[in-house]
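Take a look at the structure set out below.
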Amino acid sequence: MGGITMKSSKLITKTLAGFLKFRVGRPRPLFATYDVTSRCNMKCAYCDWWKTNTPELPTREALIVIDEACRLGISFFNFCGGEPMMRKDLITLAKRASSYGCIVGMNTNGTLLRNNKISEIADVFDIVVVSLDGPREVHDKGRGVHGSFDGAAKGIRLLRAGGVRVGVSIVMSPWNVKTLPAFVEWLRNRVAFVTIQPMHPYPPPPQNRPSPKEVLKAIDFLLRLKRENPKFLSVPTDFVKGFKPFFDGKAPKICHAGELYIAIDPMGRLKACAARADVVLGNILKRSASELLKKRTENPNWSKVSHCKGCWLDCTVGVSMSMMKPLKEAIHLIGL
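Position 78 (the sequence shown) corresponds to 77 in numbering that gives the first Met the number 0; numbering is contiguous.
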C-alpha cells in the first residue's frame, strides 16, 4: 500500500495510545459504536434493523451525544446503523467525532455512496468498511435486494479512487461458506483488509450452521491467509479458530462490554454492548455518559451483561482479543 501516509500515521498513533490505555487497566471505554439510524435500504436475512422504526435524534441532539461519548476519551468512534448513509447529516456528525482526534470509521452496505460525496467522506472518515458476503448471486440473496452486490462493488471503487482506506466485512453463513475462499481471493487487490465473523445469534440455530466439514475447510483457508498476509485479514488468529466452537455452541465467553467498548442507539441511549438491545444504561441526553458508566453497576440492566451467553462478533470478541494480544494484533485490527 506504499509508504506511511499522514492518515495511516494517525491510525497507528491512536491505536497505540488506545492499546496502552487498555493494557494499564484504564477503566473507561476506548471503542464507541453509534447506530445513528435504524433505517436501511437492504433486507438482510440475518438482520432485523430494516423491519424496525426506531426514532432517531435530530442533528443538534446527535452532536451532543457524540460530544458526551468522545469526552470519555474514546479512541475509535464508529458510525453504524441501519445504514448510516441514510442520514443526510452524517458528514456533520462524523466531523464532530473527528474533532476530538478519534479514529472515525463507518460500516455501510456501500450502495448509497456517490461520487460527489466521496471527497467529503475521505476528509472525515479514516476507515470505511463495506459489507459484502460473497459473489453477486450469494450477496444479493442474503441482502434481499437485487443489485446490492453491484452497488457495493461500485461504492468500493469510488472509495478507493477517492483515497479512502476501505475494508470489507463478511458474515460467514451456510449460504456463502463454499464461495468464501474464491471470494476473498477476488478481494485481495480491491480492498485494504477483510474482516469476517460467523452468522449470529449465538448459540446458532441449526439452519445457521454450515456443515462441520465446511467450517473446518473455511477455518483452514482463513488461517493460511492470516499466515501469508496478517494485515489483510484483520481479525486475530484465535478469533478464526473460535469459529468451530461457535458453530458447535461451545464458544468461550470473552467480553469487555461497557469497559472496552460501548454503544449508542438511534435514540441516544448508552448501551454496554452494540449486539444487545436490553443492556441500556440510560439516555445520554438526560444524564452524562460519564455518570452513566460510573453508576453502571447500580443499573439492573448491567447484570444482563454477566448473564449473556456470549457471541463471536468482530466488534466485541474480535476487539477484545486484539487488545489482549501483542500490539501488532491491535494494529491489524485497522488493517495496517
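Heads up, the beta-carbon is just placed ideally off N, CA and C, and yes, glycines get one too. All values reported here derive from a predicted model rather than from experimental measurement.
With respect to the C-alpha of K177, the residue from G166, V190, P134 and P205 having the closest C-alpha is P134. Per the coordinates, the alpha-carbon of A31 lies some 5 angstroms from the alpha-carbon of A262. Assigned with DSSP and collapsed to three states, M41 falls in coil, not helix or strand. Taking 4 residues as the minimum length, the alpha helix (DSSP H) runs contained wholly in the segment 30–102 are 58–69 and 89–97, in order along the chain. Excluding five sequence positions before and after M85, the CB atoms of its chain that fall closer than 6 angstroms to its own CB belong to T36 and R38, given in chain order.
Straight-line measurement puts the Cα of G143 at about 23 angstroms from the Cα of S210. Assignment of T236 by DSSP, reduced to helix, strand and coil, places it in the helix class. A distance below 8 angstroms between beta-carbons, with the five flanking residues on each side excluded, links M266 to the following residues of its chain, in chain order: T53, P54, E55, L56 and N282.
Distances from the alpha-carbon of L92 to those of N115, L111, N300 and A68 put A68 closest. In this structure, D132 and V170 form a Cβ contact; the two beta carbons are roughly 6 angstroms apart against a cut-off of 8 angstroms. Taking a cut-off of 8 angstroms on C-beta distances, the segment 193–212 does not touch the segment 283–296, as fewer than three cross pairs fall below it. For R268, the enclosing beta strand (DSSP E) starts and ends at R268 to K270. Following the DSSP letters along the chain, one finds L215 inside the alpha helix (DSSP H) bounded by residues P211 to E227.
Counting of Cβ neighbours within 10 angstroms places W185 among the exposed residues, the total staying below 16. An exposed status is given to E136, since fewer than 16 other beta-carbon atoms sit within 10 Å of its beta-carbon.
A Cβ-Cβ distance of about 7 angstroms is found for the pair N77 and M105, placing them in contact under the 8 angstroms criterion.
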